[in-house]
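For what it's worth, the UniProt record's numbering labels the leading residue of the sequence shown as 1, then goes sequentially. All C-beta atoms, glycine included, are put in the ideal place defined by N, C-alpha and C. Notes follow the structure.
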Amino acid sequence: MTGVPDPELQAEGGKAERSIVAPAIEIGVVAVAIGMATITFLIINQANVEGKLVSPLTGAALLLGNLLPFAALIVLAGRRIAKFRVARSEMGGGGRLHIRLVALFSLIASVPIVLTVIAASVMFQSGTQFWLSDRARTAFNASIKLAEEGRNLVAQRWAGEAAAITEDLAAKYPEIPRESQEFQEFLELQLYLRNLSEAAVFTHREGEPVKVLYTVLPPDTDVLAKRIGDGLNPNVFPYVDRDTETIWVVINIRQIPDTYLYVGTRANVEFMNKQVVSADAINREYDSLQQRAQSLHLKFNIALFVVALLIIGLAMLIALAVADRLVRPIDKLVGAARQVAQGDLSVRVEDPNSRDEVGTLGLAFNIMTERLQEQTGELVDANRQLESRRALIEAVMSGVTAGVISIDAERRAQLINESARLLLHLQEADAVGRRLAEIAPELDALLDNGEREAIVQMTTGGEPRTLAVKVTRDESGQVLTFDDITQQLLDQRRAAWSDVARRIAHEIKNPLTPIQLAAERLQRRYGRKMEEADGTFTRLTDTIVRQVGDLRRMVDEFSSFARMPKPVFREESLLDIARQAVFLHEVAHPAIGFRITADDDLPPFVCDRRQIGQALTNVVKNAVEAVEAREETGVPGEISVYVSRNGEGALCVEVADNGVGLPIERDRIVEPYMTTRSRGTGLGLAIVKKIVEEHFGTVSFSDRPGGGTLVRMVFDTTLLSHLAAEAGDESGEGEDSRLAALTRNESGRS
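Take a look at the structure:
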């Protein structure tokens with residue numbers, strides 16, 4: 001048969017799988033983003049090294065490759081935010097609704113923005129690609145070259161004018177005259193006719209300085225010297241140059257050796273300067289644009305990248321806000337339901353503003369909790385009444401000394417009072433619900449026999465007990481009531497044996513003395529006469545005297561048991577009494593090892609020294625007999641006595657031996673005339689129990705670990721101290737000292 005899967009286990013399993021897969025996806029997306037960023041850097045760096053621009057398609061592909069993983073990172077971050085918000089809410093569920101809305105809104109925002117970004121990137125790069133292409137560069141260079149040609153034409157014009165002047169000068173003057181006014185006027189005329197503004201005729205030989213012969217409106221001497229020097233250095237004529245104010249030409253007069261002409265004009269200077277400045281500026285701007293083209297592409301793509309991520313992030317935030325708005329009323333409803341599950345039926349959800357399905361669900365929930373609260377209140381009242389009745393019954397049952405067990409039709413315990421638990425040694429946790437045969441087989445056997453009243457012998461806690469049991473039947477089962485009459489029977493037997501002992505002592509003790517006296521008289525009178533025979537007479541009379549002594553000792557024990565004197569309480573040392581009892585047997589039995597130990601600072605013990613000594617002597621005597629009665633084991637006999645404090649206001653004496661141990665009928669060892677030894681009277685431990693009880697103590701017998709017997713006597717020193725004070729008041733002796741002792745005892749108790 002196929003089992004039905006547990007939804008909670010499946011949910012936990014799915015959650016465990018998601019907890020493993022989600023971090024792996026996040027790590028993978030981060031790795032892809034880092035990888036794409038690295039690839040983009042390498043491609044752009046290589047293009048910069050080669051001096052080329054990245055193609056539009058490559059740029060768009062790189063932009064798309066970087067945009068997708070980073071957009072995925074934003075979506076994953078939104079997923080984490082959604083899970084965090086859900087973790088703080090009442091609904092739980094892993095934030096699946098938030099995650100779905102984040103994914104949906106991110107997808108809706110991502111598709112158009114990605115397409116727009118790619119189109120914009122391609123268009124921008126394509127446009128810049130054209131203006132920075134080889135064709136655009138060729139056209140630009142052609143315009144630059146055209147401007148240079150215009151400048152060259154102007155320069156050639158003025159160089160031609162200078163050459164024409166040299167021709168005219170050489171034709172008229174084969175040699176340059178010295179300080180000729182005519183030559184000066186001719187030179188000025190040439191300047192006027194050719195629209196020149198300044199001129200100079202000078203000579204220059206190798207290794208000699210320049211010598212200016214004639215000048216017409218020359219510039220400053222330094223300026224003229226510099227221009228002449230610049231014109232002579234290339235040694236290429238005509239040499240044309242310009243500055244911001246003048247276009248000047250240096251040319252040699254070929255017909256006259258070592259003679260040169262310098263002319264200058266201000267015409268066309270402004271035009272040429274504008275052409276040069278404009279061409280240089282355009283050239284620099286174009287070169288700068290070409291150098292910055294890669295950077296412009298990168299900045300534009302980065303701007304598109306950032307804008308796209310911002311739009312996707314904004315869409316994610318809108319998705320989270322919408323999800324919160326949808327989930328908030330459901331979250332409140334879930335929290336209220338959990339409070340109801342915890343027992344708070346007074347919880348209500350707020351009345352929603354909308355009357356949609358969620359609002360209707362909230363109203364239905366409020367109606368349900370209101371009815372549940374009313375019904376639960378009625379149930380609580382009924383349960384309170386039942387509880388009060390049950391408490392009354394339990395109070396009555398716990399107050400009675402009799403044990404009570406209520407069982408059902410299957411004989412399973414339904415109710416057990418405290419007295420029954422103590423009598424049967426049951427634990428409260430494991431008693432109710434168990435079968436009676438497991439708790440008390442003897443009582444279960446009584447029910448099998450159909451008896452209503454009976455005396456049952458059973459063993460509980462290792463001790464045999466006698467119970468008087470009554471059985472009452474009702475509709476649901478049966479009720480057993482029982483009392484522990486073990487002590488009652490023991491007291492009855494003790495009283496009966498005490499009466500028997502008193503009668504035996506009275507009836508036997510009277511004829512013992514005449515018998516003993518008669519036997520002694522026969523021995524004195526006829527003993528010598530009979531000594532000549534085989535000595536039978538003497539042995540017989542000795543036997544009579546010895547047996548009479550044994551009978552007298554037994555009668556004395558009967559008398560002491562039947563008529564135990566009232567104890568006389570005084571402060572004594574319990575340790576000294578114990579040492580005295582041990583010493584008597586230690587001397588008589590040297591083969592047995594005796595050891596006595598005690599706690600430090602034992603308090604005074606108020607007791608009847610003779611009776612406590614008798615009790616300890618009897619216990620040690622039984623221990624000696626138990627050691628001597630054991631089989632030979634090679635282990636020496638040991639008897640140890642330990643005197644100690646037993647909590648506050650109590651003294652304890654423990655006597656342990658490694659003898660034969662307790663008999664099978666250990667529950668009867670303190671009964672009169674109960675003995676396991678051939679020459680025992682069975683009164684020793686009965687006397688011990690009686691003495692201990694008269695000293696407000698208890699005596700217990702248990703098996704010693706490792707074999708043997710452990711006898712434990714515990715005395716209440718607080719009660720005994722009061723008895724000592726009362727005894728002192730009755731005797732009338734030492735009133736002040738006994739009153740002070742009583743005061744000390746009361747102070748110690750408080």
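- Counting the other CB atoms within 10 Å of its CB gives M123 a total below 16, which places it among the exposed residues.
- Per the coordinates, the alpha-carbon of G313 lies some 52 Å from the alpha-carbon of G377.
- Membership of L191 in the alpha helix (DSSP H) is indicated by the continuous run 181-193.
- As a beta-bridge residue in DSSP terms, W248 pairs with D241, G264.
- For T221, the enclosing alpha helix (DSSP H) begins and ends at 221-232.
- The DSSP-derived three-state label of A440 is coil.
- The Cβ-Cβ distance between I405 and L480 falls below 8 Å.
- Inclusion of L616 and A581 in the CB contact set at 8 Å is warranted, their separation being smaller than that value.
- The shortest C-alpha to C-alpha distance from I27 to any of P514, A72, E665, D408 is the one to A72.
- Contact annotation, G637 with G684: C-beta distance approximately 19 Å; criterion of less than 8 Å not satisfied.
- Three or more beta-carbon pairs separated by less than 8 Å are not found between the region 330-344 and the region 148-164, which leaves the two stretches without contact.
- Secondary structure note for G684: its alpha helix (DSSP H) is the uninterrupted segment 684-694.
- When DSSP reads this structure, Q457 sits in a beta bridge with T466.
- A distance below 8 Å between beta-carbons, with the five flanking residues on each side excluded, links L423 to the following residues of its chain, in chain order: G403, T460, R465, L467, F482, D484.
- Within the same chain, and ignoring the five residues on either side of V263 in sequence, the residues whose Cβ sits closer than 6 Å to its Cβ are A162, L196, A199, V249.
- DSSP places S121 within a helical segment (H, G or I) once states are collapsed to three.
- Annotation: the continuous alpha helix (DSSP H) that includes E586 extends over 574-588.
- For the pair L42 and G65, the Cα-to-Cα distance works out to about 14 Å.
- According to the DSSP assignment, I596 belongs to the beta strand (DSSP E) that extends over 593-598.
- Taking L719 as the centre and dropping the five residues before and after it, the same chain places the C-beta of F696 closer than 6 Å to its C-beta, in chain order.
- Residue burial is scored here from C-beta neighbours: M368 has fewer than 16 other C-beta atoms within 10 angstroms and is therefore classed as exposed.
- The secondary-structure analysis by DSSP pairs T203 across a beta bridge with K211, T259.
- By the Cβ test, the region 700-718 is in contact with the region 605-625, since at least three Cβ pairs between them sit closer than 8 Å.
- In the structure shown, the three-state DSSP call for Y526 is helix.
- Going by DSSP, E648 is part of no alpha helix (DSSP H) at all; its letter is neither H nor E.
- One Cα belongs to L57, the other to A120, and the distance between them is close to 12 Å.
- Between C652 and S644, the beta carbon gap of about 5 Å places them in contact (Cβ cut-off 8 Å).
- The three-state secondary structure of F569, taken from DSSP, is coil.
- Residue range 609-628 is occupied by the alpha helix (DSSP H) that includes T617.
- Closest option to I113, judged by alpha-carbon separation, among L304, V347, K470: L304.
- Taking each of K690, R384, L104, A61 in turn and checking the Cα distance to A315, the smallest one comes out for L104.
- For A33, the secondary structure class from DSSP, reduced to helix, strand or coil, is helix.
- Counting the other CB atoms within 10 Å of its CB gives K332 a total of 16 or more, which places it among the buried residues.
- In terms of Cβ geometry, I596 and A578 form a close pair [threshold 8 Å].
- Looking from the CA of V102, the closest CA among G59, R254, D324, R178 belongs to D324.
- By the neighbour-count criterion, in which 16 or more other beta carbons inside 10 Å mark a residue as buried, Q427 falls on the exposed side.
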